[in-house]
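Enquirer:
Number of protein chains: 2
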Amino acid sequence: MPAPVIAVCCSGEGTNLQAIIRAIRRGRLRARVGVMVSDNPGALCLRRAIAAGIPTVVIDPRGFGSREAFDRALSRILEKAGARLIVLAGFMRLLSPWFVRRYRWRVLNIHPALLPAFPGTHAVRDALRHGVRVSGVTVHFVDSQVDHGPILLQEAVPLKAGDTEENLLKRIHRVEHRLYPIGIDLVLRGRVTVRGRDVRIAGR
Amino acid sequence: MPAPVIAVCCSGEGTNLQAIIRAIRRGRLRARVGVMVSDNPGALCLRRAIAAGIPTVVIDPRGFGSREAFDRALSRILEKAGARLIVLAGFMRLLSPWFVRRYRWRVLNIHPALLPAFPGTHAVRDALRHGVRVSGVTVHFVDSQVDHGPILLQEAVPLKAGDTEENLLKRIHRVEHRLYPIGIDLVLRGRVTVRGRDVRIAGR
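If you read the sequences in order, they're chains A and B.
Counting from 1, one number per residue, gives the positions in the first sequence under the working numbering.
Counting from 1001, one number per residue, gives the positions in the second sequence under the working numbering.
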């Protein structure tokens, strides 16, 4: 059987994309990245995908009248690639209710905090400013609220005395790069069922 | 030098009070509990305190016209006991802004979640219902907002598959009973400074 196809959506550096590519190469994640979609033509993730032989598509949001129009174009790309799972990896766009409904429990996101603490785009900075002693990483399914959907995996990252945003981010990224391929693999192997906020992992 | 005096305020079972008594007996916490205050005349914590030879005071909130009037009575008890630090251990009362200001950074609380996630009185149940994979314990200074003040210590408690509220609560309590005496000891040894939300622990 051919490996299941995933699509990765990314707006930035693409270090999680790189971690996914590495996990596939090392046989820790049985998948094929059928397409890498970016809304940012200058994003580094595009170069990483091209270097790995992954087809890339850039969709410029300025060409669309509404969020849903963009998402419909995105959907056409995902369908063409035959993606079974959509993996958000630093994709800086809100998805429309239409998209979220259409791909219910088929979109994963990763967040650099222990949700529900510190949602939003400055999670690491917010956690530091709040003075927490423990933050972490969350892999979750996407629902219609930002950084809110059912949680698949979480791992704690303890802070250290004198931690800077840079230090902490580095340790959080290391956990992300290990955790995301595990989460994707669990879903693709059909071991995950979602009921409301209750996410069960078979054999765990 | 005599051990510094603390006051413990408790409305319920008093398992954290028991952990504090044990830590003092074992020499892990250099302190003396000068008084145990409860707002609940039927609370089990009163019996624990009496069994340990700790003076107890019950203040019935119904005897007071306002929150501040109650807190002024509480303050008189704390002053009479010579308490340097006030330790809330399941004290089910909101403290008035007057009290919080008067005892700024001299009141500690413990919460069965990784704040700012799951504040309030049903933290463990709320965390389970949200479907988190990691919860924990927070020891924090009390400010005028509920479960919000500067964080002294936190420790993560990972959830297990099929965890019930009872199981999880038991593991969280075990961490509380270890963590709270450590936090109290750090403050009493003068190793803790608070600036805004930034809590520094000397020599850590």
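Every residue, glycine too, gets a C-beta built ideally from N, C-alpha and C.
Listing by chain order, which chain A residues have their CB less than 7 Å from the CB of B/ILE1151?
Expert: GLY131, VAL132 and ARG133
Enquirer: Between the Cα of B/MET1001 and the Cα atoms of B/ALA1031, B/ARG1025, B/GLU1013 and B/ARG1026, which residue gives the shortest distance?
Expert: B/ALA1031
Enquirer: Can you check the stretch 3-60 of chain A for any beta strand (DSSP E) of at least 3 residues that lies completely inside it and give the ranges in chain order?
Expert: 5-9, 32-38 and 56-58
Enquirer: Which chain B residues sit within Cβ distance under 7 Å of A/PRO116?
Expert: ALA1117 and HIS1130
Enquirer: So which residues of chain A does B/VAL1199 contact, with C-beta pairs closer than 8 Å?
Expert: GLY131
Enquirer: Could you give the C-beta distance for A/HIS111 and A/THR138, rounded to a whole number, given that I count them as a contact under 8 Å?
Expert: 5 Å
Enquirer: What first and last residue would you give for the alpha helix (DSSP H) that runs through A/PHE141?
Expert: Per DSSP, A/PHE141 belongs to no alpha helix (DSSP H); it is in the beta strand (DSSP E), 134-141.
Enquirer: With a threshold of 16 other CB atoms inside 10 Å of the CB of B/GLU1166, please say whether the residue is buried or exposed.
Expert: exposed
Enquirer: Would A/GLN145 count as contacting chain B if we go by Cβ distances under 8 Å?
Expert: no
Enquirer: Going by the DSSP bridge assignment, what does A/VAL175 pair with across the sheet?
Expert: The partner list for A/VAL175 (beta bridge, DSSP) is empty, contrary to what the question assumes.
Enquirer: Alpha carbon to alpha carbon, how far is A/LEU159 from A/HIS140?
Expert: 22 Å
Enquirer: If you draw a straight line from the alpha carbon of B/ILE1006 to that of B/VAL1199, how long is it in whole angstroms?
Expert: 20 Å
Enquirer: What residue range does the beta strand (DSSP E) around A/ARG200 cover?
Expert: 198-201
Enquirer: Taking B/VAL1035 as the reference, give the member of B/GLY1053, B/LEU1044 and B/ARG1093 with the closest Cα.
Expert: B/GLY1053
Enquirer: Closer than 6 Å by C-beta to B/GLN1018: which residues in its own chain qualify, once you throw out the five before and the five after it? Chain order, please.
Expert: ARG1048
Enquirer: From what residue to what residue does the alpha helix (DSSP H) around B/ALA1123 run?
Expert: Annotation for B/ALA1123: the continuous alpha helix (DSSP H) segment containing it runs 1123-1130.
Enquirer: Note down, in chain order, every chain B residue with its Cβ under 9 Å from the Cβ of A/ALA161.
Expert: ARG1200, ILE1201 and ARG1204
Enquirer: Given that a residue counts as buried once 16 or more other Cβ atoms are within 10 Å of its Cβ, and exposed if not, what is A/ALA161?
Expert: exposed
Enquirer: Could you say if the stretch 61-75 of chain A and the stretch 84-96 of chain A meet the contact criterion of at least three C-beta pairs nearer than 8 Å?
Expert: yes
Enquirer: Kindly indicate the opening and closing residues of the beta strand (DSSP E) around A/ALA89.
Expert: Here A/ALA89 belongs to no beta strand (DSSP E), and DSSP marks it neither H nor E.
Enquirer: Taking DSSP's pairing of strands, which residues face B/HIS1111 in a bridge?
Expert: B/THR1138
Enquirer: Less than 8 Å between the C-beta atoms of B/ILE1184 and B/LEU1029, yes or no?
Expert: Cβ atoms of B/ILE1184 and B/LEU1029: closer than 8 Å.
Enquirer: Using CA coordinates, which residue listed in B/GLY1190, B/VAL1175, B/LYS1170 and B/ILE1151 is at the minimum distance from B/ARG1197?
Expert: B/ILE1151
Enquirer: Output yes or no for whether 8 Å exceeds the beta carbon distance between B/ILE1077 and B/VAL1107.
Expert: no
Enquirer: Name, please, each residue of chain B whose Cβ falls closer than 7 Å to the Cβ of A/GLY136.
Expert: VAL1134
Enquirer: Closer than 7 Å by beta-carbon distance: list the chain A residues that pair up with B/ARG1123, in chain order.
Expert: Correcting the residue identity first, residue 1123 of chain B is Ala in this sequence and not Arg. Going along chain A, no residue has its Cβ under 7 Å from B/ALA1123, so there is no contact; the nearest lies around 12 Å.
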